[in-house]
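Notes to accompany the following structure.
There are 2 protein chains.
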Amino acid sequence: MEGTLSGTIGSRDITPDELRLAARNHGLPLEALREPITPAGLHYLLIHYDIPAVSPEAFRLEVGGAVERPLSLSLDDLGARERVSMPVTFECAGNGRALLAPRPLSQPWLTEAVGTAVWTGTALRPLLEEAGVQATAVEALFTGLDSGVEGGIFQAFERALPLAEAEGAFLAYEMNGAPLPPQHGFPLRLIVPGWYGMTNVKWLARITLLEEPFQGFQQRVAYRFYSEDGEPGEPVTRMMPRSLMVPPGVPDFLTRRRHLQPGPVTLRGRAWSGWAQIAAVTVSTDGGASFAEAELEEPVGEAAWRGWSFEWDAPEGEHVLCSRATDAAGNTQPLDPPWNLKGYANNALERVPVIVGRP
Amino acid sequence: MEGTLSGTIGSRDITPDELRLAARNHGLPLEALREPITPAGLHYLLIHYDIPAVSPEAFRLEVGGAVERPLSLSLDDLGARERVSMPVTFECAGNGRALLAPRPLSQPWLTEAVGTAVWTGTALRPLLEEAGVQATAVEALFTGLDSGVEGGIFQAFERALPLAEAEGAFLAYEMNGAPLPPQHGFPLRLIVPGWYGMTNVKWLARITLLEEPFQGFQQRVAYRFYSEDGEPGEPVTRMMPRSLMVPPGVPDFLTRRRHLQPGPVTLRGRAWSGWAQIAAVTVSTDGGASFAEAELEEPVGEAAWRGWSFEWDAPEGEHVLCSRATDAAGNTQPLDPPWNLKGYANNALERVPVIVGRP
């Protein structure tokens with residue numbers, strides 16, 4: 004009963020390493036789902052190494068590798084280019100990891116590693132055209148200024164994208180109308196709408212056009228779906244659909260269990276997918292036994308979440324609320340967690356236990 | 004060895020409730036100790052219930068109870084009053100809790116629940132004088148707009164201060180030169196320099212002058228030092244001295260263990276106390292077996308932390324670094340955790356394991 008009501012974690016044995024990660028990285032406080040645009044300090048954060056200290060005056064973005072004309076751009080150079088601005092929903096690829104059993108050891112996310120910000124910067128494609136990408140190039144590699152040890156390897160954080168996937172990407176220097184905060188990549192980061200968070204390389208300092216697919220750690224070891232060790236694995240790419248609910252009522256401090264009054268209540272939440280627009284959200288007030296359609300709001304943006312609402316006449320007693328997103332490509336959230344070795348993309352239904360009663 | 008090097012947590016058995024709290028509340032990423040003033044999104048956060056949504060237009064601060072002239076003040080009224088502004092270091096009273104054995108169940112902080120911001124607002128004392136505090140009043144009660152269930156009791160978050168302790172307090176509507184972010188109490192919070200974080204009531208909406216000491220949950224049950232259940236306990240008040248280090252070198256992603264090169268390195272950190280100015284910081288590079296004096300910088304402010312530095316010629320091998328703060332009132336950090344039932348004010352030495360070697 005305790006497990007059912009409070010949402011189980013895959014194992015009770017959270018290690019000191021996981022706790023250390025959880026003390027520094029953080030999710031979206033779920034009540035902040037009421038905001039279409041997440042304030043910077045409430046947006047989820049996953050920082051692999053340390054937040055680097057970057058001098059904006061000394062900063063240069065270098066574009067090199069398989070290009071005709073390598074570029075070296077200051078922040079002023081980037082700011083003088085054509086501006087693009089759009090709300091984009093980000094989610095950590097490890098969101099839901101702590102709900103898997105057995106639980107892969109890494110950042111122990113429950114369901115709240117998400118956020119939507121308005122990112123402003125300049126498009127990647129014209130910049131690559133200016134550099135003159137050679138016909139032999141197949142991928143663009145994005146390298147950040149953050150470095151550390153992972154899997155026993157000293158590395159800067161870097162990830163590559165096939166050139167076709169880089170089409171809609173842009174380089175952001177503002178978040179919600181202000182310069183990027185240090186923890187979100189000051190002074191520059193990559194934005195790839197629809198992809199999981201690791202793609203959006205922070206503290207971006209170098210773009211290298213590659214003639215062979217990138218073989219680095221974050222591409223060939225991490226961020227792949229494995230069912231067991233030793234497999235080549237499949238890359239983690241776009242966000243699977245997920246819906247989360249603004250938790251109704253008020254919380255208990257320790258358990259975060261919700262208490263609410265009997266009677267009519269409007270349940271609200273937001274849903275997103277990196278594959279297509281959200282086409283439907285259904286809501287269950289009986290722990291997933293039955294579902295009914297929620298009303299959809301207009302999406303916050305082409306690459307951002309979509310609000311929903313559902314009228315519920317809450318009867319006294321204990322209930323488990325769920326919401327379930329389906330996108331226009333036909334992807335829908337599973338009822339049970341889809342397990343994989345590293346714990347990526349667990350988009351199983353969120354379960355929100357509530358106690359309805361007069362105090 | 005694992006325990007010694009990585010810093011033990013009091014028990015390996017972190018519960019789902021604790022993980023849920025850790026996913027939402029967060030500490031200061033320790034590299035941010037390099038900044039004298041913590042950017043808002045990096046400052047630690049402990050939110051008892053939910054972040055309330057507050058309309059700044061409708062907001063009023065009510066001052067009532069044992070006063071001659073109850074007040075009802077808009078944000079414009081507050082903004083028109085004389086401004087005070089100062090950097091203040093805040094620390095959660097539960098900082099260090101997860102390092103206690105046995106570990107009290109609540110937010111499982113390691114050592115990083117701290118931050119320093121420049122808070123701007125208006126002094127409390129002239130406002131109370133305007134309201135005309137009656138001679139019978141003994142305490143001021145501060146009530147926030149956030150509410151929830153704690154210890155089985157539905158409550159708004161509220162804490163009281165004896166009038167003499169309210170002398171240096173002020174009401175802040177800006178953090179680091181911008182309106183308070185939602186998670187730091189928008190639009191108004193109390194600031195009581197030197198006291199643990201729970202004192203600085205967020206989303207402050209009402210000040211009530213009381214003729215008897217406040218008996219509410221956050222004063223009489225929570226935030227007290229107990230050695231066992233059923234005792235009256237002693238109130239948690241001002242911050243005990245603590246020093247933290249900017250972790251040198253680079254981290255391992257999973258363990259956060261630090262790697263650095265052999266040779267000279269300047270260790271840096273910050274120390275604070277709510278009782279008096281920091282008078283000395285000593286540093287150990289041998290796990291606390293011996294200590295030497297660090298060099299102190301000027302304090303960031305009268306109620307803010309003080310930077311320190313220490314030159315170390317790092318030899319190859321594994322080492323545990325510590326720093327230890329002593330204040331001008333003679334309080335110093337203990338080597339071993341001071342246990343109490345609810346896990347408050349554990350200011351035992353931080354232990355920073357490092358691996359010095361050529362990669």
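These protein sequence lines map, in sequence, to chains A and B.
Using the numbering used here, you'd call the opening residue of the first sequence number 4 and step up by one each time.
Using the numbering used here, you'd call the opening residue of the second sequence number 4 and step up by one each time.
We put the CB at the ideal spot given by N, CA and C, even for glycine.
Note that the structure is predicted; figures quoted are calculated from it, not measured.
What's the gap between the Cα of A:E215 and the Cα of A:V70? 14 Å
Note down, in chain order, each residue of its chain lying with its Cβ closer than 6 Å to the Cβ of A:P55, except the 5 sequence neighbours on either side. L148, D149, W206
List the residues of chain B whose Cβ lies closer than 9 Å to the Cβ of A:Q186, in chain order. P32, A35, P42, G44, L45
So A:L257 contacts chain B; which residues on that side make the cut at Cβ distance below 8 Å? D20, L24, L108, S109, E153
Between the segment 232-253 of chain B and chain A, which residues of the former have a C-beta closer than 7 Å to a C-beta of the latter? V253
Excluding sequence positions up to five away, which residues of its chain have a Cβ less than 6 Å from the Cβ of B:P184? A43
My output table needs one value for B:T211: the three-state DSSP class, helix, strand or coil. strand
Taking the alpha-carbon positions, what's the B:Q110 to A:R260 distance? 15 Å
So which of A:Y199, A:N203, A:E170, A:R23 has the shortest CA-CA distance to A:L193? A:N203
Along chain A, in chain order, which residues have C-beta atoms closer than 7 Å to that of B:I54? P32, E34, A35
Relative to the ligand NAP, is the shortest distance from any of its heavy atoms to the C-beta of A:L263 smaller than 6 Å? Of the ligands one can find in the structure shown there are none, so the ligand NAP has no counterpart to examine.
Contact criterion: CB-CB distance below 7 Å. Does B:S9 meet it with respect to chain A? Residue placement at B:S9 is flagged as unreliable, the pLDDT there being 32, under the threshold of 50; a coordinate-derived value is accordingly withheld.
Quick check: what's the CA-CA separation for A:L299 versus B:A35? 41 Å
DSSP state of A:G82 mapped onto helix, strand, coil: helix
Using the Cβ count rule (16 or more neighbours within 10 Å means buried), how would you classify B:S293? exposed
Residues of chain A with CB closer than 9 Å to the CB of B:E101, please, in chain order. The amino acid at residue 101 of chain B is misidentified as Glu; the sequence shows Ala. Neighbours of B:A101 on chain A, chain order: P19, L22, A26.
Sheet register partners of B:E321 (DSSP bridge): B:I358
May I ask you to report which of helix, strand or coil DSSP gives A:P165? strand
Determine the extent of the beta strand (DSSP E) in which B:E132 is found, giving its start and end residues. Here B:E132 belongs to no beta strand (DSSP E); instead the alpha helix (DSSP H) covers 127-134.
Candidates A:T211, A:G197, A:Q158, of which the one nearest A:M243 by Cα: A:G197
Within-7 Å CB hit, A:H322 to chain B: no
Taking a contact to mean a Cβ-Cβ separation below 7 Å, would you say A:A50 touches A:F145 in this structure? In the sequence under discussion, the amino acid at residue 50 of chain A is Ile, which differs from the Ala named in the question. No. Outside cutoff.
Identify whether A:L45 lies in helix, strand or coil by the three-state DSSP scheme. helix
When you compare the CB positions of B:A26 and A:G124, do they come within less than 7 Å of one another, or not? no
When DSSP builds the beta bridges, which residues end up paired with A:F93? A:G118
Interfacial residues, the segment 130-155 of chain A to chain B, with Cβ spacing under 7 Å: S150, G151, V152, E153
Within 10 angstroms of its Cβ, does B:E319 collect 16 or more other Cβ (buried), or is it exposed? exposed
List the endpoints of the continuous alpha helix (DSSP H) containing A:R259. Element bounds for A:R259: n/a, residue is neither H nor E.
Cα-Cα, which of A:P105, A:G151, A:I17, A:E170 is closest to A:A126? A:E170
In the segment 166-197 of chain A, which residue ranges form an unbroken beta strand (DSSP E) of at least 3 residues, counting only runs that do not cross its ends? 173-178, 192-194
Against chain B, with Cβ distances strictly below 7 Å, would A:E115 count as a contact? yes
Applying the criterion that 16 or more other CB atoms from any shown protein chain within 10 Å of the CB defines a buried residue, is A:I281 buried or exposed? buried
Using beta carbons (cut-off 7 Å, strictly below), is B:S14 in contact with chain A? With a pLDDT of 49 at B:S14, under the threshold of 50, the predicted position of this residue should be treated as unreliable, though the coordinate-derived value follows. Not an interface residue.
Could you tell me if B:R361 is buried or exposed, where buried requires 16 or more neighbouring beta carbons within 10 angstroms of its beta carbon? exposed
Strictly below 8 Å CB to CB, what residues from chain C border A:W112? The chain labelled as chain C is not found among the protein chains of the depicted structure, namely A and B.
Neighbour list for A:I194 in chain B, Cβ cutoff strictly below 7 Å: Here the premise fails: no neighbours, minimum Cβ distance about 18 Å.
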